[in-house]
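> Submitted below is the structure of interest, expressed as structure tokens.
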Amino acid sequence: VGLHYGLTDNYTAAQVNPVDARGVYLPSTPDANGVALAGLHIWKANDTIVDVLRNNGALLAHATLVHSYPHCWRHKTPVAFRATPQWFISMEQAGLRRDALAAIGKVEFFPEWGEARIFAMVEGRPDWCISRQRTWGVPIALFVDRETGEPHPDSPALMRKVAERVEQAGVDAWYALDAADLLGADAPRYDKVTDILDVWFDSGASHECVLAQRPDDMLRKPADIYLEGSDQHRGWFQSSLLTGVAMDGVAPYRQVLTHGFTVDQNGRKMSKSLGNTIEPQRVIDQMGADVLRLWIASTDYNNEIAVSDEILKRTGEVYRRIRNTARFLLGNLHGFEPSRDLAPLDAMVALDRWIVHRANALQEKITAAYARYDFAEIVQSLVNFCSVDLGALYLDVTKDRLYTLREDSPARRSAQSAMYRISEAFVRWIAPILTFTADEMWRHLPGERDGNVLFATWYDGLAPLGENAVLSVEDMERLLKLRDDVAKVLEPMRANGAIGAALEAEIGLRCGVADQNWLAPLVDELRFLLISGDVHLVADDTAHEIAVTAAPTQKTKCVRCWQHRGDVGAVLAHPQLCGRCVDNVEGAGESRMYF
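What follows is the structure in structure tokens.
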């Protein structure tokens, strides 16, 4: 720490400062050709100085210019610059700049450009001025020689004594301290420094107080992550780096994450004067804390973060999609006891095994995204899974098994097992973002569980499809394309009133030998995947692709499963039920292998 006026070493002329802290010329200010400046405010003295220069033939030109000039952000008044003695930390004397630049390379930055930004700032910054002339703050507890300006030779020991007093009575103990209490007879030779520390030094040293001096040993240096706005590369991130390197030789953090600032839907900075602010508490009161959390997680925080009532409304709709998915999963786990009913992965119906495979792939994607703090990717992936994989496909297809099969049938338990595995993973996926929703879901999941979901590790009951899967990933991709093709054929039939629902149509699949051989084992269950009345294979040895046809069914609708079947009423005791529903109600129940 050294004392100087802050000018570079290239300029060695003596510095003259004739202005006091109020912006008034000091009494010692010499007259300007007989005109007194002492006691005048610098702005009011401008005209006087111009007149003196003009009267002495020293004025080259005089004009009024409108230009950009620094103003105090709080008082909105012009700022005057004056040279004053300050305390500095040298960036070169002990190699602080060199060591800080080396430490930056060992930190992981999100986004990556943060590393180059802070590196350039540290590389080009001047010595760190750590003193401020404020009336209250953390004092620079030094005594300096009145003649030489040098700190007291026992400054470290004196600082420790001052620290003990501050610990007992607060920082006012320094201001109330009589120098003689510590210096004794030497007190008249020394002045007590009245400057305070730069507040960036305060916050920059927080890692020592928060991490290194905790009695419980729960937190340790270095911190896992520092996160703040992108302006903090010049502020907290940098001051923490410099104090950490100076104290320990390493950065006080492993990772640094920066984010943009909140703006309105038009990209304007939020301010009360513009009337475009949105109070977080109002959002919480009206929509719930999880909607607010989901909004921020949905944004690309690398840039400015837009928010408006319309944006929050759309976020609420996304939240309902996620919540309704959780409700459906939980609702269909009624009566399911994992310790008794959970089906092994290799014993599950093919569609159930496939959706677990999809959930496993999603979990790998989500965990990787969490590791790089890509919350927007997580939300997008979650919503896509809820909307496409589950909502538009799996949950729709499995309703037949869940609602019409015997409660304890293997095929129904298989669907519940898939939903249970997905739920166990799902609640963990959403927990860091939708904390309250995850906690609610956690408490309603079947099976025994301890503590809070936030302390749970990733669910390990998911797995990719194996080589011997009944239906491979490629099989499912082809089947889903076929499902889309069927939907395209049925849509105009709905539009013209030929059918009311897909279950009222019978599907014909005209295909060649290879496709016949592939589809033949599946044909009895294909109607469940295609959600249609029935499916028929039509042999066409010349066909290179599967051609889809459809026609309204002429069969009777079963009042229980809503399927249109030719055997409705075949059992006299149940004149409105189809054969499989009778079997599911009174017999052994049907079995499923594929869907």
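Every number in this note's numbering is 1042 more than the matching position in the sequence shown, counting from 1. Even glycine gets a Cβ: it sits at the ideal position worked out from N, Cα and C.
1. Looking only at its own chain, which residues have a Cβ that is under 8 angstroms from the Cβ of D1438, when we skip the five neighbours before and after it?
2. Exposed or buried, R1607, counting other C-beta atoms within 10 Å across all chains shown (16 or more means buried)?
3. How should L1299 be labelled, buried or exposed, when 16 other C-beta atoms within 10 angstroms of its C-beta is the threshold for buried?
4. Please report the straight-line C-alpha distance between V1164 and S1281, rounded to a whole angstrom.
5. Whose CA, out of L1336, Y1343, G1099 and S1350, lies closest to the CA of G1317?
6. Around the Cβ of S1173, are there at least 16 other Cβ atoms within 10 angstroms (buried) or fewer (exposed)?
7. How would you call S1459, buried or exposed, if buried means at least 16 neighbouring beta carbons within 10 angstroms?
8. What residues are listed by DSSP as bridge partners for T1598?
9. If you draw a straight line from the alpha carbon of W1604 to that of L1545, how long is it in whole angstroms?
10. Can you list, in chain order, the residues of its chain whose CB lies under 6 angstroms from that of Y1636, leaving out five sequence neighbours each side?
11. If we call anything under 8 angstroms between Cβ atoms a contact, is R1470 one with R1454?
12. Looking only at its own chain, which residues have a Cβ that is under 7 angstroms from the Cβ of C1428, when we skip the five neighbours before and after it?
13. How about Y1232 and P1264: are their beta carbons less than 8 angstroms apart?
14. Buried or exposed for N1052, going by 16 or more other Cβ atoms inside 10 Å?
15. Grab the span of the alpha helix (DSSP H) containing R1362 for me, first residue to last.
16. Please return the same chain residues whose Cβ sits closer than 7 angstroms to the Cβ of A1288, not counting the five positions on each side in sequence.
17. According to the Cβ coordinates, are V1325 and L1284 closer than 8 angstroms?
18. Determine the closest residue to A1593 out of R1276, A1547 and A1411, with distance taken between C-alpha atoms.
19. Please report the distance separating the alpha-carbon of G1291 from that of D1169.
20. Going by DSSP, name the residue or residues bridged to S1313.
21. Please name the residue or residues paired with Y1111 in a DSSP beta bridge.
22. For L1102 versus T1090, is the C-beta spacing smaller than 8 angstroms?
23. Can you give me the Cβ contacts of I1464 inside the same chain, cut-off strictly under 6 angstroms, excluding the 5 residues immediately before and after it?
24. Drop a sphere of 10 angstroms on the beta-carbon of Q1405, count the other beta-carbons inside from all chains shown, and report buried for 16 or more, exposed for fewer.
25. If we call anything under 8 angstroms between Cβ atoms a contact, is M1390 one with S1456?
26. Express the C-alpha separation of G1271 and G1277 in angstroms, rounding to a whole number.
27. Determine contact between the stretch 1300-1311 and the stretch 1224-1243, defined as no fewer than three beta-carbon pairs at a distance below 8 angstroms.
28. When the distance is taken between beta carbons, is Q1175 closer than 8 angstroms to A1331?
29. If you run the structure through DSSP and keep just helix, strand and coil, what is I1326?
30. How far does the beta strand (DSSP E) with Y1232 in it extend, from its first residue to its last?
31. Please classify Y1047 as buried or exposed, where buried requires at least 16 other C-beta atoms within 10 Å of its C-beta.
32. By Cβ distance, which residues of its chain are closer than 8 angstroms to E1466, with the 5 residues on each side in sequence left out?
33. Starting from the C-beta of A1142, find all residues in its chain whose C-beta is less than 7 angstroms away, skip the five residues before and the five after it, and write them out in chain order.
34. Quick check on T1440: does DSSP put it in helix, strand or coil?
35. Could you give the first and the last residue of the continuous beta strand (DSSP E) run that contains H1578?
36. Pick helix, strand or coil for H1586, following the three-state DSSP scheme.
Per the coordinate set shown:
1. I1573
2. buried
3. That one is buried.
4. 10 angstroms
5. Of L1336, Y1343, G1099 and S1350, the residue nearest in Cα terms is S1350.
6. Counting C-beta atoms within 10 angstroms of its own C-beta, S1173 has 16 or more neighbours from the protein chains shown and is therefore classed as buried.
7. Counting Cβ neighbours within 10 Å, S1459 comes out buried, since at least 16 surround it.
8. R1607
9. 8 angstroms
10. A1392, L1564 and E1567
11. no
12. R1363, I1364 and T1367
13. no
14. With a pLDDT of 49 at N1052, under the threshold of 50, the modelled position of this residue cannot be trusted, and the question is left open.
15. D1351 to G1373
16. L1138
17. Going by C-beta atoms, V1325 is not nearer than 8 angstroms to L1284.
18. A1547
19. If I take the Cα positions, the gap works out to 18 angstroms.
20. Partner(s): none; S1313 has no beta bridge.
21. DSSP lists no partner for Y1111.
22. No. Outside cutoff.
23. A1401
24. Classification of Q1405: buried, given that the 10 Å Cβ count is 16 or more.
25. yes
26. 10 angstroms
27. no
28. No, the Cβ-Cβ distance between A1331 and Q1175 is not below 8 angstroms.
29. helix
30. Y1232 to K1234
31. Residue confidence is low: Y1047 scores 42 on pLDDT, short of 50, so the model does not pin down where it sits. Its coordinate-derived value is still stated next. Exposed, since its Cβ has fewer than 16 Cβ neighbours within 10 Å.
32. L1487, Y1501 and G1503
33. V1164, L1283, L1284 and V1287
34. helix
35. D1576 to A1581
36. coil
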